[in-house]
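Residue numbers (the working numbering): 118 to 687.
Printed below as a string of structure tokens:
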């Protein structure tokens, strides 16, 4: 079955109604009726035959033109195209939020009808966000290939999670080396560590904003993301929720702030790996833990305790609590504590020289208002408001304690536990062996307050230049009294002013001396115990009684009875 178009120049077209194939038919014709066929002529003939809307294969038309132009009275039929109906596919996105309709072009066949599209949508249970029918029909009517969204869901509106904002610059606090007025740079001084104080406002929480649900093309509810009502972190060390605003955190202690997920904590303990150029000097209003060493020239100050797991070299450590150093202390280090000081590894300073007596000279010094416990000590000045305990030996130290000093272990062999320097306590000095076989001067003293004696010595030193200057000014005034023409009123006023100032200072010094002397009590039961022996040359002083040991002795207990030194073995 076919519909054939009239023959022109030996060429006609027909459509196979069963296969819907478009055929070109060529039959022999008189030579004067033939033309030089081209692709353009073929397409014009198809247009005239109202077959141009069919799908035509250009390659097959080229074949037709070639065979026609070279045919020698040959009849033939050649397929050059076909009739095609429009088709469509409907595809839903994986998230079910969009449906796309892909439409193929109609080539002389049947167009896609609206009811066909609606039927497929219904079969796929697509009910939400479908384009209006007239919009779909308008697209189908164009009979062109198309790809468009035929249905679209309603996207949910995402919520906003609870937000947490630090109100202090924890991450932006930048410590930089100090530039002095002269332009020099102190790389140890990096500035203060960030500290917060009790009741400081630390963090603001912004409550969440709820999202809005959407619908997919199946009409199913699509819940929004976000909007999580996250509370503050459960770790509230050093902080609490403000009683005035449940969305604010405030500090309950003074210390270092540390950010944690959804919160902040405040620790009264600052922990650093080492104290060196990288960390800079440390000043902290709480306790400090150093996990490593404190290097030369560094400084640590804390309002509470300091614990150093490593060693200290030529550094200054100050705290208002207790100081514990698990390693050793070397060089001209200076340790000051309002509580106790414990040095497990010992303290070894530089041997004192003539320069050590200069007013501005650095001195290896340990001062505690409580007690001092040290593994061993060499070339240090150690002062304690209570006791000093030297576990092994003390060599060439200046030890002063308001209660007692104990040095040496029972299993220390023949080594002296107190050799060289001055060891002075109010109540008791006890050592395994005192003195030295090499003749190092060793002075051991009890029975009086060493701090009062030192202060009295300081006052005497201050009075010497004061009294000398007073004497010199009085001589000048006497000379002026005899030779008034040698002076002027300004000079006289200055001399009298200076003399008045010196007299007031001297009176204050004498008053303090008198008060100290009144508080200078003698401890009758003070004693010095050498548990295993005393070497000759060792000086033993109790109250004002001084004894220089003339020969080596075994175990000795020194006391003063009726202003005379007594020596017993217990």
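Cβ atoms here follow ideal geometry from the backbone N, Cα and C, with glycine treated the same way. If you're wondering where the values come from, they're calculated on a predicted model, not measured in any experiment.
Please go through the same chain and pick out, in chain order, the residues whose beta-carbon is closer than 7 Å to the beta-carbon of residue 579, but skip the five residues on each side of it.
626
Roughly how far, in whole angstroms, is the beta-carbon of residue 370 from the beta-carbon of residue 392, given that I think they are within contact range, below 8 Å?
A Cβ-Cβ distance of about 23 Å is found for the pair residue 370 and residue 392, leaving them out of contact under the 8 Å criterion.
Helix or strand or just coil, what does DSSP make of residue 465?
strand
Taking 8 Å as the threshold, find out whether the stretch 658-673 comes into contact with the stretch 553-570 through three or more Cβ pairs.
yes
Hey, how far is the Cα of residue 186 from the Cα of residue 260?
36 Å
How many Å lie between residue 358 and residue 321 at the Cα?
10 Å
What ranges does the beta strand (DSSP E) occupy inside the stretch 407-459, keeping only unbroken runs of at least 3 residues that lie completely in it?
416-419, 423-425, 433-436, 440-442 and 451-454
What residue range is occupied by the uninterrupted beta strand (DSSP E) comprising residue 560?
559-563
Distance check for residue 641 and residue 677, CA to CA, integer angstroms please.
7 Å
Could you check the C-alpha separation between residue 448 and residue 430 for me, to the nearest Å?
6 Å
With DSSP as the reference, label residue 232 as helix, strand or coil.
Here residue 232 sits in helix by DSSP.
Kindly confirm or deny that the stretch 137-147 and the stretch 188-207 touch, where touching means at least three C-beta pairs closer than 8 Å.
yes
In chain order, which beta strand (DSSP E) runs of at least 3 residues are fully inside the stretch 127-161?
128-133 and 138-143
Quick one: what does DSSP say residue 678 is sitting in, helix, strand or coil?
DSSP places residue 678 in the strand class (E or B) of the three-state scheme.
Boundaries (first-last residue) of the beta strand (DSSP E) holding residue 198
193-199
Quick one: Cα of residue 665 to Cα of residue 657, how far?
6 Å
Classify residue 680: buried if its beta carbon has 16 or more other beta carbons within 10 angstroms, exposed otherwise.
exposed
Any heavy atom of the ligand ZN closer than 6 Å to the Cβ of residue 525?
The model depicted lacks the ligand ZN and carries no ligand whatsoever.
Can you round the beta-carbon distance between residue 215 and residue 273 to whole angstroms, since I take them to be within the 8 Å contact cut?
At roughly 14 Å, the Cβ-Cβ gap does not stay under 8 Å, so residue 215 and residue 273 are not in contact.
Between the C-alpha atoms of residue 673 and residue 539, what's the straight-line distance to the nearest angstrom?
C-alpha separation (whole angstroms): 19 Å.
Would you be able to state if there are at least three C-beta pairs under 8 Å between the stretch 220-240 and the stretch 251-265?
yes
Bridge partners - residue 578, DSSP secondary structure assignment:
DSSP, once it has assigned bridges, lists no residue as partnering residue 578.
Per DSSP, which one or two residues make a beta bridge with residue 271?
332
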